[in-house]
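Down below is the structure, laid out as structure tokens.
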Amino acid sequence: MLDVSIRSEILRLLRSVMENQGVQSMLYITHDLLSAQLVADQVLVLYRGHIVERGETGEILQHPLHPYTQLLMDSIPNPWRRQEPRRRVSQTTPSTSSHGCPYAPHCPLAAKQCWSLPAPVVDRPGGGKVACFAVHDGRAVEQARNH
42 MLDVSIRSEI
52 LRLLRSVMEN
62 QGVQSMLYIT
72 HDLLSAQLVA
82 DQVLVLYRGH
92 IVERGETGEI
102 LQHPLHPYTQ
112 LLMDSIPNPW
122 RRQEPRRRVS
132 QTTPSTSSHG
142 CPYAPHCPLA
152 AKQCWSLPAP
162 VVDRPGGGKV
172 ACFAVHDGRA
182 VEQARNH
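Going letter by letter, the sequence shown gives residues 42 to 188 in this note's numbering.
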């Protein structure tokens, strides 16, 4: 793990190379969504190899809709957030079923169809896409508002 000042300098260098050297695109793979905000214009959130949400970085980080993206954002320490127990990202074994949403076993909004059908890919209000029955039905949007 890099210390904060070294990590910040590396991220600044990456951004500078992109802006000053004419680099049109870069693939930046991370679990650190805050660092992605510093170098990426677009973000793609993957869960077990499946795209669950994608769009403009600021929009995704400020208004996450997929329950897994919300969980990732909740796992970031925030000194200004009132102290509630932080949810943790599950480290369980992958499901053996290839049907349904891969996040269904861990999702607080999972409904019956989440277990057996592929999640519909719907437009995010702000641009981008999200693959989730709860977003399609409006349940995740309501949870995000109350978040």
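Ideal Cβ positions, reconstructed from N, Cα and C, are used throughout, including at glycine.
Assigned with DSSP and collapsed to three states, D164 falls in strand. A Cβ-Cβ contact shorter than 9 Å links P159 with C142. In the three-state reduction of the DSSP assignment, H147 falls in the helix class. Per DSSP, the continuous alpha helix (DSSP H) segment holding R53 begins and ends at 45 to 61. Residue environment analysis places A152 among the exposed positions, since fewer than 16 neighbouring C-beta atoms fall within 10 angstroms of its C-beta. Check the Cα spacing between S157 and each of F174, Y109, G167: the tightest is with F174. Under the 10 Å beta carbon count, Q111 is surrounded by 16 or more other beta carbons and is classified as buried. Taking R180 as reference, the option from G169, G168, S66, C148 with the minimal CA-CA separation is C148. By the criterion of at least three beta-carbon pairs nearer than 8 Å, the region 82 to 92 is not in contact with the region 49 to 58. For the options H72, L79, E94, G168, the alpha carbon positioned closest to that of I51 is the one of L79. Looking from the CA of R95, the closest CA among G167, H177, S66 belongs to G167. For a cut-off of 8 Å, the C-beta gap from L75 to V171 is around 20 Å, too long to register as a contact. Every unbroken stretch of the beta strand (DSSP E) spanning 3 or more residues and falling wholly within the region 71 to 109 is given here in chain order: 83 to 88, 91 to 97.
With fewer than 16 other beta carbons inside 10 angstroms of its own, V45 counts as exposed.
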